Structure formats: C-alpha cells, structure tokens
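Chemist:
2 protein chains.
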Amino acid sequence: MQLKKYTDYGLRILMYLGAKDGAEAHERLTTIKDICETFSLSSNHVNKVVHHLGRLQLIETRRGKNGGFFLAKAPNEIRLDYVIRQLEGDEPWIECHNPYCVALPACELKGIVARGKELFYDYLREFTLADLLKKRGQLQQIFSTAS
Amino acid sequence: MQLKKYTDYGLRILMYLGAKDGAEAHERLTTIKDICETFSLSSNHVNKVVHHLGRLQLIETRRGKNGGFFLAKAPNEIRLDYVIRQLEGDEPWIECHNPYCVALPACELKGIVARGKELFYDYLREFTLADLLKKRGQLQQIFSTAS
DNA sequence: TATAATATGCATTATTCATGTATCTTTGAT
DNA sequence: ATCAAAGATACATGAATAATGCATATTATA
Ligand code: SF4
Ligand code: SF4
C-alpha cells in the first residue's frame with residue numbers, strides 16, 4: 002500500500018516547473034535532463050512520466066533542439082487528486098474478481114473500502130500544485146543547488 | 002495502490018468466523034482447511050494469515066487434533082481500521098528517503114498524503130466486523146454451499 | 001502412539017514496478 | 001542541407017515484493 006515512485010516523480014516534476022520563474026515560455030523551458038540531474042533519477046523513467054503529463058495536458062512539451070516542457074496551466078488549476086489518480090491509475094483498492102470471491106454477493110467490505118478511497122481523493126481534491134509551492138523560495142534554492 | 006490479498010484474506014477469515022453460529026467454542030471451531038475450501042485459497046497463505054490474526058488476538062487458535070480457531074472478541078469489537086492497518090502494514094504511502102529526495106525539506110506533499118491516509122483509516126474506524134455481517138444469513142448460505 | 005491440527009522457516013514462482021537500450025521523429029541552429 | 005538536441009516510442013531487462021509451495025516442528029487429543 003504505497004504510491005508508485007512514478008506518481009511521485011510526476012509531482013516532483015510539477016513542483017520543479019512550478020517553482021521556476023520567468024515570464025517568457027522559453028525562459029521556463031525545462032528538459033528531462035534538468036529533472037534527472039536535480040533529483041538523481043533515471044532519464045528513461047522521467048521520460049515516460051513527462052510524456053504522461055503531456056498527454057494529460059498538465060504540461061506542454063516541445064520536441065527538437067532547445068525543446069523541453071513547461072506548465073500548461075496555472076499551479077492553482079492543477080488539482081492533486083487529478084494528478085495522482087491519473088498517474089497512479091484509478092483501480093479499486095480491493096480486487097474481488099480475479100479470482101472471483103464467493104463472498105462478493107453479500108460482501109459489505111468492498112463498498113466500505115471504495116468509499117474510504119474516495120474520501121482520500123476528496124481530501125486531495127482540496128489541494129493544488131500551488132499548495133505545494135508554499136515554500137517556493139526554498140524549493141528554488143534547493144533545485145538550483147542540487148543538479 | 003491496492004490492498005494486499007493477504008489483508009483481504011484476513012478479513013474473509015474474520016467474516017467466515019463471524020458468520021458462524023453455535024454457542025459452544027468447539028461448535029465454532031474452524032480449520033484452515035475449511036477456509037481454503039470455501040474460498041479456494043492456498044493453505045500455506047491462509048496458514049500465515051491465521052497465525053497473524055492469532056498474534057493480534059483477534060482469533061484464538063487451538064493446535065492439535067480437533068483444533069482450529071474462533072473469534073476471540075465480539076464482532077463489534079473488531080475495528081476494520083485496526084485489522085487492515087495491522088495486516089497491511091502501516092508504512093507511509095510515499096517513500097521520501099530510500100533514496101533521499103532533495104525536495105524533502107521544503108515539501109508539502111508528503112504531509113498532505115499522510116493526512117489523506119489518516120482520513121482513510123479514520124473512515125474505516127467507523128466500522129467493525131459486525132458491519133460486515135449485515136447479510137449474515139446470505140453469507141452463511143454462501144459459505145455452507147461453497148466448499 | 002498415531003493422527004490431526006497449527007507453527008515456523010525456507011524456497012520458489014509470479015507480478016508489478018523500475019530501469020535500461022535502441023531507435024524514431026521533430027525542431028532549431030549552423 | 002545537414003547536424004545535433006530534444007522528446008516519443010517500443011521493447012528488453014532487472015529488482016522488489018507479493019503470492020504460493022514444501023518440509024518439518026510442535027502441540028493436543030483420541
Ligand atoms: S471479501 Fe469482499 S472485498 Fe474481499 S474479495 Fe471478497 S467480495 Fe471483495
Ligand atoms: S517530493 Fe515530497 S513527497 Fe515526494 S519524495 Fe520528495 S519529499 Fe517525499
């Protein structure tokens with residue numbers, strides 16, 4: 002019972018992008034290499050997460066020389082429940098089929114767990130990327146010295 | 002992001018025990034074999050879960066011939082949050098060390114997820130095994146015909 | 001004393017996550 | 001035009017953990 006690193010990497014990437022400043026898009030362009038160096042991660046993995054974030058239209062990616070990516074929305078429009086649900090995958094927390102459980106027709110448990118899961122996400126729904134950037138200055142400093 | 006089958010097996014075992022009736026302890030004795038046949042599970046795995054439930058003092062186990070196990074508490078005294086926390090293991094849902102994440106000192110995320118996790122368990126805390134036995138009759142029927 | 005049950009430790013398999021390699025495509029700079 | 005730098009994509013490998021299997025010890029009862 003733990004979030005995938007994949008999901009956390011996605012959030013780190015968003016935090017990195019959100020912490021950056023610069024009015025012009027090209028000033029804000031970040032590359033996969035930047036992320037990897039900052040967080041000491043595998044470029045392949047980050048590659049996939051970045052691609053995923055792009056498909057979700059949370060970031061905009063630019064191929065080719067001088068390419069990179071940047072936030073496609075304002076931080077306060079990026080809700081954490083959405084990000085985590087999408088990156089993590091939104092399957093039920095208990096698998097009752099596969100193989101089929103005989104108790105299923107009379108089981109109260111699956112509903113309770115499912116409701117608990119929704120409460121978890123309801124809570125996350127109260128937060129956006131902007132909330133993760135409260136210590137923006139400190140983040141900037143960490144990211145600039147990390148590489 | 003899914004509960005382990007191990008955990009669900011534990012809850013199934015408790016449901017099975019709770020659905021049984023019979024005033025005397027020996028009438029209520031269930032064996033690992035019973036569980037395995039009812040749910041079509043591996044006896045080794047069930048073995049371990051039963052042992053675990055015994056250590057948690059949720060069931061009482063009896064070794065030797067005519068042995069088995071039975072609920073050590075009333076169903077309404079067995080809280081779901083406790084069972085799931087114990088069987089599942091109560092680790093954080095995000096691992097920030099191992100390897101160490103540079104953002105940690107300025108990270109708001111880990112706290113948010115940790116709080117969400119607690120809300121999940123807070124919700125489970127409202128339920129006990131008794132709530133899982135609402136359709137007790139139907140469960141009894143299922144369990145008696147399953148084997 | 002034989003037998004039926006749980007207890008326990010270790011080995012193996014399966015699944016999923018994480019990572020690596022290679023190649024393609026796009027884009028800007030030279 | 002050509003090259004190089006970036007993400008996109010597909011596939012392969014490795015690592016971690018969950019799930020299962022096997023063997024044996026221990027205990028209690030008939
Ligand atoms: S016991 Fe309930 S929750 Fe668990 S697998 Fe069966 S139906 Fe699903
Ligand atoms: S980003 Fe925050 S939550 Fe994720 S690993 Fe780093 S410190 Fe932990």
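Just so you know, the sequences run in chain order A and B.
Each residue of the first sequence is one higher than the last, beginning at 2 in this note's numbering.
Each residue of the second sequence is one higher than the last, beginning at 2 in this note's numbering.
Where a beta carbon is used, it is the ideal one built from N, C-alpha and C, also for glycine.
Source: prediction; values computed, not measured.
1) Suppose the cutoff is 7 Å on Cβ atoms and the five residues either side in sequence are ignored; what does the same chain contact list for TYR122 of chain B look like?
2) Between PRO93 of chain B and ILE113 of chain B, what straight-line distance do the alpha-carbon atoms span, to the nearest angstrom?
3) Flag LYS21 of chain A as yes if its beta-carbon sits less than 8 Å from any beta-carbon of chain B, otherwise no.
4) Starting from ASP9 of chain A, find everything on chain B with Cβ-Cβ shorter than 7 Å and list it in chain order.
5) Can you tell me whether GLU9 of chain B is buried or exposed, with buried defined as 16 or more other CB within 10 angstroms of its CB?
6) Using a Cβ cut-off of 7 Å, pull out every chain A residue sitting near GLY117 of chain B, in sequence order please.
7) Note down, in chain order, every chain B residue with its Cβ under 9 Å from the Cβ of GLU89 of chain A.
8) To the nearest angstrom, report how far apart ALA104 of chain A and PHE144 of chain B are at their CA atoms.
9) Check PHE71 of chain A in the structure and name its three-state DSSP category.
10) Quick check: is the beta carbon of LEU54 of chain A nearer than 8 Å to any beta carbon in chain B?
11) With distance defined between alpha-carbon atoms, name the residue in A:LEU110, A:LYS111, A:LEU4, A:VAL84 nearest to PHE128 of chain A.
12) From the DSSP output, in three-state form, read off LYS63 of chain B for me.
13) Strictly under 8 Å for the Cβ-Cβ distance: is ASP132 of chain B near chain A by that measure?
14) LEU110 of chain A and PHE71 of chain A - do their beta-carbons sit closer together than 8 Å?
15) Pull up the DSSP beta-bridge partners for ARG80 of chain A, would you.
16) For LYS111 of chain A, is the beta carbon positioned less than 7 Å from some heavy atom of ligand 1?
17) Report the residue ranges of all beta strand (DSSP E) runs contained in full by the stretch 79-118 of chain B; include only those spanning at least 3 residues, in chain order.
18) Beta carbon of LEU59 of chain A, beta carbon of LEU15 of chain A: below 8 Å?
19) Work out the CA separation of ALA147 of chain A and LEU133 of chain B for me, nearest whole Å.
20) Looking at the structure shown, is THR32 of chain B part of a helix, part of a strand, or coil, going by DSSP?
21) Tell me which residues of the stretch 30-42 of chain B have at least one Cβ-Cβ distance to chain A shorter than 8 Å, keeping chain order.
22) Beta-carbon of VAL103 of chain B versus every beta-carbon of chain A: anything under 8 Å?
23) Does the beta carbon of ILE14 of chain A sit closer than 8 Å to a beta carbon anywhere in chain B?
24) Mind checking if PHE128 of chain B is an interface residue toward chain A, Cβ cutoff 8 Å exclusive?
25) I want to verify the contact list: residues of chain B whose CB lies under 7 Å from the CB of LYS49 of chain A, in sequence order.
26) What residues of chain B sit near PRO76 of chain A, judged by a beta carbon separation below 7 Å?
27) Verify the contact flag: ILE95 of chain B, CB atom, against every heavy atom of ligand 1, threshold strictly below 7 Å.
28) For LYS135 of chain B, which three-state DSSP category applies?
Modeler: Taking the coordinates as given:
1) Looking up residue 122 of chain B in the second sequence gives position 121. In the same chain as TYR122 of chain B, and ignoring 5 residues on each side of it, the C-beta atoms closer than 7 Å to its own belong to ASP82, ARG86, in chain order.
2) Along the second sequence, one-based indexing puts residue 93 of chain B at 92. Along the second sequence, one-based indexing puts residue 113 of chain B at 112. PRO93 of chain B and ILE113 of chain B: Cα-Cα distance of roughly 11 Å.
3) For the purposes of this step, residue 21 of chain A is taken as residue 20 along the first sequence, with counting starting at 1. By this cut-off, LYS21 of chain A is not an interface position.
4) In the first sequence, counting from the first residue as 1, residue 9 of chain A sits at position 8. Those are ILE95, listed as they occur along chain B.
5) Within the second sequence, numbered from 1, the residue matching residue 9 of chain B stands at position 8. In the sequence under discussion, the amino acid at residue 9 of chain B is Asp, which differs from the Glu named in the question. Label assigned to ASP9 of chain B: buried.
6) As a working note, residue 117 of chain B is residue 116 in the second sequence. What GLY117 of chain B touches in chain A: PHE121, TYR124, LEU125.
7) Position 88 of the first sequence, counting from 1, holds the residue named residue 89 of chain A. Simply MET2.
8) Locating residue 104 of chain A in the first sequence gives position 103, counting from the first residue. Locating residue 144 of chain B in the second sequence gives position 143, counting from the first residue. ALA104 of chain A and PHE144 of chain B: Cα-Cα distance of roughly 8 Å.
9) Reading the first sequence from its first residue, position 70 is the one you call residue 71 of chain A. Residue state, collapsed to three classes: strand.
10) Taking the first sequence and counting its residues from 1, one reaches residue 54 of chain A at position 53. Answer no: the Cβ-Cβ gap between LEU54 of chain A and chain B never drops below 8 Å.
11) Reading the first sequence from its first residue, position 127 is the one you call residue 128 of chain A. Closest by alpha carbon: A:VAL84.
12) By one-based count along the second sequence, residue 63 of chain B stands at place 62. Before going on, a small fix: residue 63 of chain B reads as Arg here, not Lys. The answer is strand: DSSP assigns ARG63 of chain B an E or B state.
13) Working through the second sequence from its first residue, we reach residue 132 of chain B at position 131. Answer yes: the Cβ-Cβ gap between ASP132 of chain B and chain A drops below 8 Å somewhere.
14) As a working mapping, residue 71 of chain A is identified with position 70 in the first sequence. As a working mapping, residue 110 of chain A is identified with position 109 in the first sequence. No, these two residues do not count as a Cβ contact at 8 Å.
15) Position 79 of the first sequence, counted from the first residue, corresponds to residue 80 of chain A. Per DSSP, the beta bridge partners of ARG80 of chain A are A:THR129.
16) Residue 111 of chain A sits at position 110 when you count from the first residue of the first sequence. Yes - ligand 1 has a heavy atom lying nearer than 7 Å to the Cβ of LYS111 of chain A.
17) With a minimum length of 3 residues, no continuous beta strand (DSSP E) run stays inside the stretch 79-118 of chain B.
18) Here residue 59 of chain A is taken as the residue at index 58 of the first sequence, counted from 1. Here residue 15 of chain A is taken as the residue at index 14 of the first sequence, counted from 1. In this structure, LEU15 of chain A lies closer than 8 Å to LEU59 of chain A by Cβ.
19) Numbered from 1 along the second sequence, position 132 holds the residue referred to as residue 133 of chain B. Numbered from 1 along the first sequence, position 146 holds the residue referred to as residue 147 of chain A. If I take the Cα positions, the gap works out to 51 Å.
20) Residue 32 of chain B sits at position 31 when you count from the first residue of the second sequence. The answer is coil: DSSP assigns THR32 of chain B none of H, G, I, E or B.
21) THR39, PHE40, SER41
22) Here residue 103 of chain B is taken as the residue at index 102 of the second sequence, counted from 1. At least one chain A Cβ lies under 8 Å of VAL103 of chain B.
23) The residue given as residue 14 of chain A occupies position 13 in the first sequence. No, its Cβ sits nowhere closer than 8 Å to a Cβ of chain B.
24) Residue numbering aside, residue 128 of chain B sits at position 127 when the second sequence is read from its first letter. Output row for PHE128 of chain B: interface = yes.
25) For the purposes of this step, residue 49 of chain A is taken as residue 48 along the first sequence, with counting starting at 1. Listed by position along chain B, the residues whose Cβ is nearer than 7 Å to that of LYS49 of chain A form an empty set, because the closest Cβ is around 18 Å away.
26) In the first sequence, residue 76 of chain A corresponds to position 75, counting from 1. By Cβ distance, chain B contributes nothing, its closest Cβ being about 12 Å from PRO76 of chain A, past 7 Å.
27) Within the second sequence, residue 95 of chain B is the residue found at index 94, counting from 1. Relative to ligand 1, the beta carbon of ILE95 of chain B is positioned no closer than 7 Å to any heavy atom.
28) As a working note, residue 135 of chain B is residue 134 in the second sequence. Reduced to three states, the DSSP call for LYS135 of chain B is coil.
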